[in-house]
Amino acid sequence: MVSYKKLKVRHIVTKLVTWHIKNAKILDVFNLKFDDTELWINDNQILYRGKRSDLTAENTFDAGGGYIVPGLIDSHLHIESSLLTPSEFGKLVIPHGITRIFADPHEIASVAGVSGIQYMLEDAKQTPLNIHYMLPSSIPATPFEHAGATLHADALKPFYSVPEVNGLAEVMDFPAVANLDPDMLQKIKDAEDAGRHVDGHAAGLTPEQLAVYRNVGIDTDHESENAKEALERLNAGFSIFVREGTVERDEKAILPAITMANQSHFSFATDDKTANDIQSEGSIDYSVKLAIENGMDPAISFTIATYNAAQAHKLQNIGALTDGFVADLAVFDDLAHLETPKVMIGGHWYKDNQSIVTPLANQSLNFSLTKSDITLPLQSDKPAHIINITPHHITTEHTVEEVPVEQGLFVANKTFAKIVVAERYHNLGHGVGIIKGFNMRDGAIASTIAHDSHNVIIAGVNDDDMILAADMLHEIDGGQVVVNHGKITTLPLPIGGLMSDQPFENVIKTNQQLLQAFSEISDVPFDPFLTLSFMALPVIPSLKITDQGLFDFEKFDFITVQD
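Under our numbering, the letters of the sequence shown match residues 84 to 646, in that order.
The following block contains the structure:
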């Protein structure tokens, strides 16, 4: 058997390489500049950066004076938020220059447990996109909601033998860490023992609480919403994933925190971004473009999107275009538009790949709702606790306001809609509350995507339409629904009620029809379904709703709609 050392020597001394790339401005992530230089690539690895007269290439690529950067990296995301399977997701994002992602399969694991994680690993084999999975740390996210599965440390540990698993995903249950919960500490220990990375989730944490996270080995976070929060995390020793998704539009507010001195501690993440938004504006390429438009040097912006992301996840020989690094790269004609680049992954130029969507064992919906179930008795002389949507953020505001009450029951209107979360796995019950910000003139929307346990969530101003929307979720075996006076528009998501079994082009088209149907009952400037999905996430401030009722993040406990 040829030793690894001899193989490396053979690679180094070879005079015949696979690719010679010339006539290009190539990013130097170590000196933060573009150089007029060349690349010599052998198999999946960059053999040499610079001009060589002693090497011969089987193939030559003339970049035509374009800009070459390492393949872009998404530091943290949930593939399921695109409504696509991993293989279809790869087809969508690779043409945007994305060659590597760090994905938390938290959503499908909340629905299907271990089999959900296995499904994501298996389907990912059909795409050349490098998908590093981070194991979901909190299934369920909190004890304040019912999920389709519970994953303890012993269920996750075997996955560390899988090369595609890079660590433990966003540890979002801060009380479990602070209270030294044995199972949570074991999950962190298992990741560290396997030489893997542990990601954080520090939404709403004080500097003192950040210190608790940092002292158990958590050193990344993607929940900063502004420069102040980013600097607090940076001061505590965290690497910051600057988030720019569909709902979570945080990048512009964080950019002022990034300087030449500290840029190496920042990378980009989408977290949750729909396929429609990825197609129309981009993925991490959009984050890069946004940074450049707001005054950041392009070399720094691309370094944040590549080398910094690899370093944050402790990956070696990834994210740079120089000797010994993996040959992942993207070629852009110019830095002003960042239009569809030519992409190389592991030394191979990307071409559209074929994939077959495999089914996941049917996760049937087991819930029932009637009009009487969703009535909300209130006293007319008392104010109510209201969930206030914060546009383009997943946090909410908690207000106490007077609401319409007739004959002892809440009456929804354009200002105050009704919101319902129903446990969908064992028909264990439902919570009913009031939400402000959807501005629905009529109708209802419903979805089986409701972070993080993905129970059924419905919002509306018409009880008949709300129940019809719930019934339609049964009929399509999970998905998203708009009902407007009995007129129904649907997007079926049969894979766990989270992902479509259709090609990404079809999903984008159907989703656009769904959004058009919603625009007939509301004119809000944000994605209604992704926004709705985060109204059930109790680990994010300030007021949310689960299948067990209204949850106050500050008290970290349930409250009633009226005191």
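Ideal placement from N, C-alpha and C gives every residue a C-beta, glycine not left out.
These numbers come from a predicted model, not from an experiment.
Spatial neighbours of residue i within its chain, please: C-beta separation below 7 Å, excluding the five flanking residues on both sides.
i: ASN125; result: HIS94, THR97, VAL100, THR101
i: PRO219; result: ASP187, PRO188, HIS189, ALA192, LEU234, ALA252
i: GLY516; result: ILE470, ILE502, ILE628, LEU633, VAL644
i: THR498; result: LYS519
i: ASN545; result: ASP525, GLY526, ALA527
i: PRO586; result: GLU171
i: ARG135; result: TRP123
i: ALA277; result: TYR243
i: ALA393; result: ILE156, ILE401, GLY402
i: SER307; result: ALA313, ARG316, ILE323, ASP333, ILE337
i: TYR87; result: Below a pLDDT of 50, predicted positions are generally treated as unreliable, and TYR87, at 48, falls in that range; no measurement from the model is reported.
From the DSSP output, in three-state form, read off residue i for me.
i: ARG507; result: coil
i: LEU373; result: helix
i: THR101; result: strand
i: ASP547; result: helix
i: GLU588; result: helix
i: VAL281; result: strand
i: MET343; result: coil
i: LYS519; result: strand
i: ILE191; result: helix
i: LYS272; result: helix
i: VAL644; result: coil
i: LEU581; result: coil
i: HIS557; result: helix
i: SER170; result: helix
i: PRO621; result: coil
i: VAL85; result: For VAL85, the pLDDT reaches just 44, beneath the cut-off of 50, and the residue's location in the model is therefore unreliable, although a value from the coordinates is still provided. It is coil, neither helix nor strand.
i: HIS431; result: strand
i: GLY562; result: strand
i: SER164; result: helix
i: GLN595; result: helix
i: ASP360; result: helix
i: ARG135; result: coil
i: LEU615; result: helix
i: THR386; result: helix
i: LYS638; result: coil
i: ALA286; result: coil
i: VAL260; result: helix
With C-beta atoms as the reference, is residue i less than 8 Å away from residue j?
i: GLY328; j: ASP282; result: no
i: ALA224; j: VAL539; result: no
i: ILE151; j: LEU412; result: yes
i: GLY407; j: ILE129; result: yes
i: SER438; j: GLN209; result: yes
i: LEU574; j: LEU556; result: no
i: PHE185; j: HIS161; result: no
i: ALA552; j: ALA529; result: yes
i: ASP264; j: ALA236; result: no
i: VAL565; j: PHE601; result: yes
i: THR261; j: ALA294; result: A small fix is needed here, since residue 261 is Ala in this sequence, not Thr. No, the pair does not count as a contact, with Cβ atoms beyond the cut-off.
i: ASP333; j: PHE321; result: no
i: THR357; j: ASP584; result: no
i: GLU484; j: ALA467; result: yes
i: ASP206; j: THR441; result: yes
i: GLU331; j: ASP368; result: no
i: VAL299; j: ILE271; result: yes
i: THR458; j: LEU511; result: no
i: VAL176; j: SER366; result: yes
Which whole-angstrom value describes the C-beta separation of residue i and residue j, a residue pair presumed to lie in contact below a C-beta threshold of 8 Å?
i: THR389; j: PRO153; result: 4 Å
i: LYS105; j: PHE117; result: About 15 Å; that fails the 8 Å criterion.
i: ASN589; j: ASN359; result: Going by Cβ atoms, the distance from ASN589 to ASN359 rounds to 12 Å, so no, they are not a contact pair.
i: HIS159; j: HIS305; result: 5 Å
i: GLY173; j: LEU155; result: Not a contact, Cβ separation roughly 13 Å.
i: PHE415; j: LEU110; result: With a Cβ gap of about 10 Å, PHE415 and LEU110 do not count as contacting.
i: GLY690; j: VAL409; result: Residue 690 falls outside the range modelled here, since the chain spans only 84 to 646, and no answer is possible.
In chain order, what residues of the same chain have a beta carbon less than 6 Å from the beta carbon of residue i, not counting five sequence neighbours either side?
i: ALA340; result: ALA310, ALA313, LEU314
i: PHE639; result: none
i: ASN142; result: TRP102
i: ALA336; result: ASN309
i: PRO178; result: THR423
i: PHE612; result: SER530, GLN563
i: PHE636; result: PRO624, SER625
i: TYR433; result: ILE177, VAL426
If I measure Cβ to Cβ from residue i and keep anything under 8 Å in the same chain, skipping five residues before and after, which residues do I get?
i: HIS649; result: This structure leaves residue 649 out entirely; the chain is present only between 84 and 646.
i: ALA274; result: LEU218, TYR243, GLY250, LEU251, HIS280, VAL281
i: GLU247; result: LEU204, ALA207, ILE214, HIS215, TYR216
Taking 8 Å as the cut-off, does the segment 598-617 touch the segment 252-266 (at least 3 CB pairs, one atom from each stretch)? no
With contact counted as at least three CB pairs below 8 Å, one residue from each stretch, are the segment 417-437 and the segment 451-461 in contact? no
Validate contact between the segment 471-490 and the segment 538-554 using beta carbons, cut 8 Å, 3 pairs: no
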